[in-house]
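Participant: The structure's right below; bear with me while I get my questions together.
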Amino acid sequence: MTTVARYWRETPRRYNLGGCRCPTCRTVFFPPRSVCPACVTHRRSFGKMEPFQLSGDGEVFSYSIVHDAAEGFEMQVPYVLALVKTPEGPTLTGQVVDVAPDQIRIGLRVHATFRKLREEGRAGVIHYGYKFAPVSEPLAGTGTAESASPAQAPGERGRVRA
Ligand SMILES: [Zn+2]
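Using this note's numbering, the letters of the sequence shown correspond one by one to residues 1177 to 1338.
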């Protein structure tokens, strides 16, 4: 476990949601683990966990509005902290940005975005390096500025604005 924690801290993989997957039961974990706790024979998974890239897609599963920020985050309150269920399986915890606290709702589609954090090294979810932003769902029949670009692949329309 210590090895995994160090690996987690020292690698930039944390910035692109690199998790891992159990080769036996296919369960995906994020952050990555060295063994699969879901398998009865979990010891057999030791050293065999496969790297797995999360897409960054997700849906707000639960959330809370934080009014009392940790030291160093005072400028951001109130902010939204959410549990985000990913289609790959893992539930991620992170701040949801670009959404007013009164607009957050269960089921909101979000996508992970990587932004420079105000402070590094502080314990807690925020130092993971990712946050979530709402996915702008295209409205039928309306031409938005974002959907007008012909160079944009269809699969990218849910991307996060810079
Ligand atoms: Zn497993």
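Just so you know, even glycine gets a beta-carbon here, dropped at the ideal spot from N, CA and C.
Can you give me the Cβ contacts of VAL1362 inside the same chain, cut-off strictly under 6 angstroms, excluding the 5 residues immediately before and after it?
Facilitator: Residue coverage of the chain in this structure runs from 1177 to 1338, which leaves residue 1362 outside it and unanswerable.
Participant: Can you tell me the Cα-Cα spacing of ARG1281 and ARG1197, whole angstroms?
Facilitator: 30 angstroms
Participant: Return yes when at least one heavy atom of ligand 2 lies under 8 angstroms from the C-beta of SER1221, else no.
Facilitator: Although ligand 2 was asked about, the structure shown includes only ligand 1 as ligands.
Participant: Let's see if you can read the secondary structure: which residues bound the beta strand (DSSP E) around LYS1307?
Facilitator: 1306 to 1310
Participant: Taking one C-beta from the segment 1225 to 1244 and one from the segment 1198 to 1214 each time, how about it: are there three or more such pairs within less than 8 angstroms?
Facilitator: yes
Participant: Could you tell me which whole beta strand (DSSP E) segments of length 3 or greater appear in the segment 1201 to 1282?
Facilitator: Entirely contained in the segment 1201 to 1282, the beta strand (DSSP E) runs reaching 3 residues are, in chain order, 1226 to 1229, 1233 to 1242, 1255 to 1261, 1267 to 1272.
Participant: Put GLY1297 into one of helix, strand or coil per three-state DSSP.
Facilitator: Below a pLDDT of 50, predicted positions are generally treated as unreliable, and GLY1297, at 49, falls in that range; the measurement from the model is reported next regardless. In the structure shown, GLY1297 sits in coil (DSSP, three-state: anything other than H, G, I, E or B).
Participant: From LYS1224 to THR1217, what does the alpha carbon distance come to, in whole angstroms?
Facilitator: 13 angstroms
Participant: Just to confirm, does CYS1212 get its C-beta within under 8 angstroms of one of the non-hydrogen atoms of ligand 1?
Facilitator: Within the cutoff, so yes.
Participant: Residue range of the beta strand (DSSP E) that CYS1196 falls in?
Facilitator: 1194 to 1197
Participant: Quick one: Cα of VAL1275 to Cα of ARG1219, how far?
Facilitator: It is roughly 43 angstroms from the alpha-carbon of VAL1275 to the alpha-carbon of ARG1219.
Participant: Express the C-alpha separation of THR1289 and ASN1192 in angstroms, rounding to a whole number.
Facilitator: The alpha-carbon atoms of ASN1192 and THR1289 are separated by roughly 9 angstroms.
Participant: Please confirm whether any heavy atom of ligand 1 lies closer than 8 angstroms to the CB of THR1200.
Facilitator: yes
Participant: Please report how far the alpha carbon of GLY1234 lies from the alpha carbon of LYS1261, in whole angstroms.
Facilitator: Per the coordinates, the alpha-carbon of GLY1234 lies some 5 angstroms from the alpha-carbon of LYS1261.
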